Amino acid sequence: MEKTSFLKEPVGGQSVVNKIVDNITNAIINGELNPGDKIPTEAELSESMGVGRNSVREAIKVLEAYGVVHIKRAEGTFVSQEYDSRMIYPVLYGIILQKDSTSQIVELRKVIDVGLLQLAVDKLKSKSLEQTQMEAIEKAMEELEYQAYMEKPQARSLYEADVQFHMAIVGITENVMLQSICSYVDKITRRSRMATIDRIFLDGEVENFLDLHRRIVKLLQDRDSAGIYAIVEEHYQYWAKVKR
1 MEKTSFLKEP VGGQSVVNKI VDNITNAIIN GELNPGDKIP TEAELSESMG VGRNSVREAI
61 KVLEAYGVVH IKRAEGTFVS QEYDSRMIYP VLYGIILQKD STSQIVELRK VIDVGLLQLA
121 VDKLKSKSLE QTQMEAIEKA MEELEYQAYM EKPQARSLYE ADVQFHMAIV GITENVMLQS
181 ICSYVDKITR RSRMATIDRI FLDGEVENFL DLHRRIVKLL QDRDSAGIYA IVEEHYQYWA
241 KVKR
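Sequential numbering from 1 applies to the sequence shown in UniProt numbering.
See the structure below:
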């Protein structure tokens, strides 16, 4: 059976520009276009899809804005060969715009944290430089405690130390895509996490907050895969309690 060419699919139904974007993206996903390949010209895409050249031009601008393609003047448009953090934007915008997005974002972060800790433990088990990686986690824990125990602790400073603690865990994975996703999830949960830290101070729960993080450090030190789900669940049950 002849392979479907997404670059020759007729456009109809949804927004013309969106459909062109989908066609080109699907061609990349399915291997019709590979990283580094030059994509057909505006005229060729316009003819094969039955759309106007202005619509093709706008679609290319969208793909360029998200780092999927790049334009070389006088040469043409090429599929990007390297990962670009901008590629994550559409996914997160879609989540933010969903109804009841707050609960969905919390669920997303919980799933990410479980997988992240599992990957971090796996990496620590296999790495020769694991002690260096653990030192970064332990240093981040010390900074978290320092900010919490200041005479006049600030919610913002504790939040930033908390972000750095979790990003130190992400660093163990050496996964650039995961680092980008976690960074953006941190941004879109900033407001609720700041409110949570305010409540932690108000309720005198700072020590409990720190203890949960110390337990994560110990889990990583012990390479304890079996304890991951329970500690993440407890972490989020505590978040839910102080969030009210």
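Note that the Cβ used here is the ideal one computed from N, Cα and C, for glycine as well.
Every value quoted in this text rests on a predicted model; they were computed, and no experiment measured them.
Legend entry - Candidates F165, K125, L158 and Q147, of which the one nearest A140 by Cα: Minimum Cα distance to A140 is reached at F165.
Legend entry - Assigned exposure category for A74 - 16 Cβ within 10 Å defines buried: If you draw a 10 Å sphere on the C-beta of A74, you find fewer than 16 other C-beta atoms in it, and that means exposed.
Legend entry - Cut-off 8 Å between Cβ atoms - residues of its own chain near T173, not counting five sequence neighbours on either side: Excluding the 5 residues flanking it on each side, T173 has same chain C-beta neighbours closer than 8 Å at L116, L119, A120, K123 and Q179, in chain order.
Inset, instruction - Closer than 8 Å by C-beta to L129: which residues in its own chain qualify, once you throw out the five before and the five after it? Chain order, please. - result: With a pLDDT of only 49 at L129, under 50, the local geometry of the prediction cannot be trusted, and the value read off the model is given with reservation. Scanning its chain for C-beta atoms nearer than 8 Å, with the 5 sequence neighbours on each side dropped, one finds no residue around L129.
Inset, instruction - Classify V170 as helix, strand or coil using the three-state DSSP reduction. - result: Three-state result, V170: helix.
Inset, instruction - Starting from V79, follow its DSSP beta bridges and name the residues at the other end. - result: DSSP lists V69 as partners of V79.
Inset, instruction - Report yes if the CB atom of L158 is closer than 8 Å to the CB atom of A148, and no otherwise. - result: One thing to note: L158 has its Cβ within 8 Å of the Cβ of A148.
Legend entry - Given 8 Å, three or more beta-carbon pairs between the region 185 to 192 and the region 205 to 220: At 8 Å Cβ cutoff, the stretches do not touch.
Legend entry - For E82, the nearest candidate out of N34, S103 and R223 (CA to CA): The residue with the shortest Cα to Cα distance from E82 is N34.
Inset, instruction - Closer than 7 Å by C-beta to H70: which residues in its own chain qualify, once you throw out the five before and the five after it? Chain order, please. - result: Hits under 7 Å: E64, F78 and S80.
Legend entry - Rounded C-alpha distance that separates I29 from N175: Rounded to whole angstroms, I29 and N175 show a C-alpha spacing of 20 Å.
Inset, instruction - For V17, I'd like the list of residues in its chain whose CB is within less than 8 Å of its CB, leaving aside the five on either flank, ordered along the chain. - result: Cβ neighbours of V17 beyond the five flanking positions: S55, E58, A59 and V62.
Inset, instruction - State the DSSP-derived secondary structure class of K152, mapped to helix, strand or coil. - result: In the structure shown, K152 sits in coil (DSSP, three-state: anything other than H, G, I, E or B).
Inset, instruction - Could you tell me whether the Cβ atoms of L220 and M134 are closer together than 8 Å? - result: The answer is yes: Cβ separation under 8 Å.
Inset, instruction - Identify the continuous alpha helix (DSSP H) that holds I181 and give its terminal residues. - result: Here the alpha helix (DSSP H) through I181 covers V176 to I188.
Legend entry - Proximity winner among S192, I137, S15 and T25, relative to M87 (alpha-carbon distances): The shortest CA-to-CA distance from M87 to any of S192, I137, S15 and T25 is the one to T25.
Legend entry - CB contact check: H70 to chain D, cutoff 8 Å: In summary, chain D is missing from the structure at hand, where a single protein chain is found.
Inset, instruction - Inspect the beta-carbon positions of A161 and L144 and report whether they are closer than 8 Å. - result: With respect to the 8 Å criterion, A161 and L144 are classified as neighbours on the basis of their beta carbons.
Legend entry - Cα-Cα separation, V106 to A27: Using only the alpha carbons, I get a separation of about 33 Å.
Inset, instruction - Have a look at I20 and Y89 and give me their C-alpha separation to the nearest angstrom. - result: Whole-angstrom Cα-Cα distance: 19 Å.
Inset, instruction - Would you list, in sequence order, the uninterrupted alpha helix (DSSP H) runs of no fewer than 4 residues that lie entirely inside the region 203 to 237? - result: Listed in chain order, they are 206 to 222.
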